[in-house]
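>
Protein chains in written order, with my numbering: chain A, 1 to 114; chain B, 1 to 111.
#1: Would DSSP call residue 98(A) helix, strand or coil?
#2: Considering only the beta carbon of each residue, do residue 27(A) and residue 89(A) sit closer than 8 Å?
#3: Could you tell me whether the Cβ atoms of residue 9(B) and residue 87(B) are closer together than 8 Å?
#4: Select from the stretch 94-110 of chain B all residues with a C-beta closer than 7 Å to any C-beta belonging to chain A, and list them in chain order.
#5: To the nearest angstrom, report how far apart residue 52(A) and residue 65(A) are at their CA atoms.
#6: Look up residue 112(A) in the DSSP assignment and give the residues it is bridged to.
#7: Taking residue 11(B) as the query, report the chain A residues whose CB atoms sit under 7 Å from its CB, ordered along the chain.
#8: Taking 8 Å as the CB-CB limit, is residue 56(A) close to chain C?
#9: Give a yes or no on contact between the stretch 63-82 of chain A and the stretch 67-75 of chain B, applying the rule of three or more CB pairs nearer than 8 Å.
#10: Could you check which residue in 77(B), 95(B) and 101(B) has the C-alpha nearest to that of residue 13(B)?
#11: Secondary structure at residue 38(B), three-state DSSP: helix, strand or coil?
#12: With a threshold of 8 Å between beta-carbons, can residue 90(B) be considered close to chain A, or not?
#13: May I ask you to report which of helix, strand or coil DSSP gives residue 65(B)?
#14: Would you tell me roughly how many angstroms separate the C-alpha atoms of residue 59(A) and residue 94(B), rounded to the nearest one?
#15: Using Cβ-Cβ distances below 8 Å, what residues of the stretch 13-30 of chain B are close to chain A?
#16: Just how far apart, CA to CA, sit residue 5(A) and residue 72(A)?
#17: Out of curiosity, what's the CA-to-CA distance linking residue 97(A) and residue 53(B)?
#18: What's the call for residue 5(B), buried or exposed, on a 16-neighbour Cβ count within 10 Å?
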């Protein structure tokens with residue numbers, strides 16, 4: 001099983017619709033979870049952290065299911081500007097000490113259509 | 001406003017050349033990272049550093065080395081560039097908490 005797995009898409013969604021995608025992770029000891037957004041030919045940027053109780057930021061809702069080892073991202077009332085690649089990110093302690101490393105999924109490509 | 005800068009946005013080098021990619025952050029972060037990103041493979045960690053002069057191998061360190069002489073600067077070195085090192089290189093930094101800030105990336109082409 002890959003460390004962090006996402007459906008690559010693309011998800012083609014009409015403007016105004018609700019879209020959700022999941023990400024599964026293999027390391028049950030993972031403690032921190034994030035969604036990053038990456039626009040075409042740009043660097044990834046933090047969209048939101050994912051807390052155990054779930055959290056919401058405007059039209060975006062993130063949830064964590066530890067028992068099944070997945071996190072989800074829900075986007076309501078989608079906008080054209082939401083078109084991007086969404087990267088699921090999980091912490092993974094690396095051997096040899098030092099900083100924890102973040103493991104990035106390969107991303108889910110979302111296209112919002114007018 | 002947090003800032004991570006990389007020395008070049010685009011770079012073209014010949015096979016066998018030594019290549020230096022520089023990254024500078026102005027946030028006084030302890031941790032700095034170098035990734036490469038390729039279509040279908042996602043972001044892969046090459047090396048990271050958690051303190052000045054400290055470095056650790058990531059998932060794909062072969063063919064690369066790094067240098068961190070000052071806290072704000074983390075350099076990636078390709079000792080002898082090869083065509084399979086053509087890629088987008090992304091530098092990142094973060095403090096002890098987990099938000100990681102990326103630089104704009106360097107698109108390196110090795111011919």
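Glycine is no exception: its CB is placed at the ideal position from the N, C-alpha and C atoms. All of these numbers come straight from a predicted model, not from anything done at the bench.
So, from the listed chains and residues:
#1: For residue 98(A), the pLDDT reaches just 43, beneath the cut-off of 50, and the residue's location in the model is therefore unreliable, leaving the point undetermined.
#2: no
#3: no
#4: 98, 99, 100, 102, 103, 104 and 105
#5: 8 Å
#6: 13(A)
#7: By Cβ distance, chain A contributes nothing, its closest Cβ being about 15 Å from residue 11(B), past 7 Å.
#8: This model lacks chain C altogether, as its protein chains are A and B.
#9: no
#10: 77(B)
#11: strand
#12: yes
#13: strand
#14: 27 Å
#15: 30
#16: 12 Å
#17: With a pLDDT of 42 at residue 97(A), under the threshold of 50, the modelled position of that residue is not reliable, and no figure is offered here.
#18: exposed
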